[in-house]
Amino acid sequence: MIDPTAFIHPSTIMEKGAIVHANVYIGPFCIIGSEVEIGARTILKSHIVINGVTRIGEDNQIYQFASIGEENQDLKYTGEKTSVEIGHRNRIRENVAIHRGTIQGEKITRIGNDNLLMINTHIAHDCVIGNHCIMANNATLGGHVKVDDYAIIGGMTAIHQFCLIGAHVMIGGCSGVVQDVPPYLIAQGNHATAFGLNTEGLKRRGFNRDILHAIRSAYKILYRSGRTLEEAKSELHILASKHTIINNVIDFLSRSQRGIIR
Numbered sequence: 149m150i151d152p153t154a155f156i157h158p159s160t161i162m163e164k165g166a167i168v169h170a171n172v173y174i175g176p177f178c179i180i181g182s183e184v185e186i187g188a189r190t191i192l193k194s195h196i197v198i199n200g201v202t203r204i205g206e207d208n209q210i211y212q213f214a215s216i217g218e219e220n221q222d223l224k225y226t227g228e229k230t231s232v233e234i235g236h237r238n239r240i241r242e243n244v245a246i247h248r249g250t251i252q253g254e255k256i257t258r259i260g261n262d263n264l265l266m267i268n269t270h271i272a273h274d275c276v277i278g279n280h281c282i283m284a285n286n287a288t289l290g291g292h293v294k295v296d297d298y299a300i301i302g303g304m305t306a307i308h309q310f311c312l313i314g315a316h317v318m319i320g321g322c323s324g325v326v327q328d329v330p331p332y333l334i335a336q337g338n339h340a341t342a343f344g345l346n347t348e349g350l351k352r353r354g355f356n357r358d359i360l361h362a363i364r365s366a367y368k369i370l371y372r373s374g375r376t377l378e379e380a381k382s383e384l385h386i387l388a389s390k391h392t393i394i395n396n397v398i399d400f401l402s403r404s405q406r407g408i409i410r
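What follows is the structure, encoded as structure tokens:
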């Protein structure tokens, strides 16, 4: 189904079965597979391939030479029906690759809303990216990586498979991340280590003085007290009884499987 208000350049190949909603713009030399759905007002600049079971939301901008929904690079993948889901108002820049999921994972690669994926970003199979995240040029996510809201990943940085990146984290460029990065941190290096809190980023997003003080206290418990992780968790529960925002850190630690950077 193609909405009559959509513009599709004559040079684009549109397979039968694709769904294109109102006021979509599809520029020249794109290839759109039969199981693709493109939401209203989304713009595809040119030379873009969208394949597989892929659902793209509204008001996205996708730049030339992006590849979305293609077969993943997992050697165990043998053509199973898996998918990609992209939310609304994302900017997906040149040469970005977003691969479909695997049956060994959650069968889906999912990207939320209002994200910026800069040039040459690679999103591997089964990754989950939240909302308002930025991935700079050449940033790479291995399979099954989860990135929470408002995270920023610097250019040339690689995230190991199955890692968790917490909300409001900033990871510096040219880093190699092999363990989970708790919320609110700045991390950098190869292998990445903690360099304090993303204080400026938190201030820009409206975190007040009391909340920042609580987050600093949590950081000191995790990184400056000399406590084991289990001891630190007990202290964080006490802190969370006074400052509920610390529950975000506790929840992250409960999700962590690879251990946190320390």
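Numbering (the working numbering), first residue to last: 149 to 410. C-beta atoms are modelled at their ideal positions from N, C-alpha and C, and glycine is treated no differently.
Going by C-alpha distance, which of the options is nearest residue i?
i	options	result
His-308	Asp-297, Val-172, Leu-289, Ile-319	Leu-289
Tyr-225	Ile-386, Thr-305, Asn-238, Lys-255	Lys-255
Phe-400	Thr-269, Ile-300, Tyr-332, Glu-348	Tyr-332
Arg-352	Ile-191, His-316, Ser-402	His-316
Ile-271	Ser-323, Pro-158, Ser-215	Ser-215
Thr-230	Gly-314, Gly-253, Leu-265	Gly-253
Skipping 5 residues on each side, what residues in its chain have a beta carbon closer than 7 Å to that of residue i?
i	result
Gly-278	Gly-260, Val-295, Asp-296, Asp-297
Ser-404	Leu-312, Asp-328
Thr-341	Ala-335, Ile-409
Asp-222	Thr-250, His-273, Gly-291
Arg-406	Phe-310, Cys-311, Gln-327, Asp-328
Val-397	Pro-330, Pro-331, Ala-366, Leu-384
Met-318	Ile-300, Ile-334, Asn-346, Gly-349
Leaving out five residues before and five after residue i in sequence, what residues of the same chain have Cβ atoms less than 8 Å from its Cβ?
i	result
Ile-267	Arg-241, Glu-242, Asn-243, Val-244, Asn-285, Asn-286
Ala-380	Ile-369, Leu-370, Ser-373
Ala-362	Leu-387, Lys-390, His-391, Ile-393, Ile-394
Gln-209	Thr-190, Ile-191, Lys-193, Asn-238, Arg-239, Ile-240
Would residue i pass as a contact of residue j if the rule is Cβ separation under 9 Å?
i	j	result
Val-184	Ala-166	yes
Val-168	Met-149	yes
Glu-163	Gly-175	no
Thr-153	Cys-178	no
Phe-213	Ile-196	yes
Gly-324	Gly-344	no
Looking only at its own chain, which residues have a Cβ that is under 6 Å from the Cβ of residue i, when we skip the five neighbours before and after it?
i	result
Gly-217	Ile-198, Asn-199, Gly-200, Thr-202, Val-232, Arg-248
Arg-258	Glu-233, Val-276
Taking 8 Å as the cut-off, is the CB of residue i close to at least one heavy atom of the ligand COA?
i	result
Gly-374	Ligands displayed in this structure: none; no statement on the ligand COA is therefore possible.
DSSP has residue i in a bridge; who is on the other side?
i	result
Tyr-225	Note: Tyr-225 sits in no beta bridge, so no partner.
Leu-312	Lys-294
Thr-341	Gln-336
Gly-324	Ala-306, Asn-338
Val-329	Ile-313
Quick one: is residue i near chain D, going by C-beta distance under 9 Å?
i	result
Ala-388	Among the chains of the structure shown, chain D does not appear; only one protein chain is present.
**Report entry** Length at least 3, wholly inside the region 252–306: the beta strand (DSSP E) runs in chain order
**Finding:** The qualifying runs are 256–259.
Requested in this report: Could you pull out every unbroken beta strand (DSSP E) segment of at least 3 residues lying fully inside the region 192–218, listed in chain order?
Outcome: Counting only runs of 3 or more, we get 201–204, 215–218.
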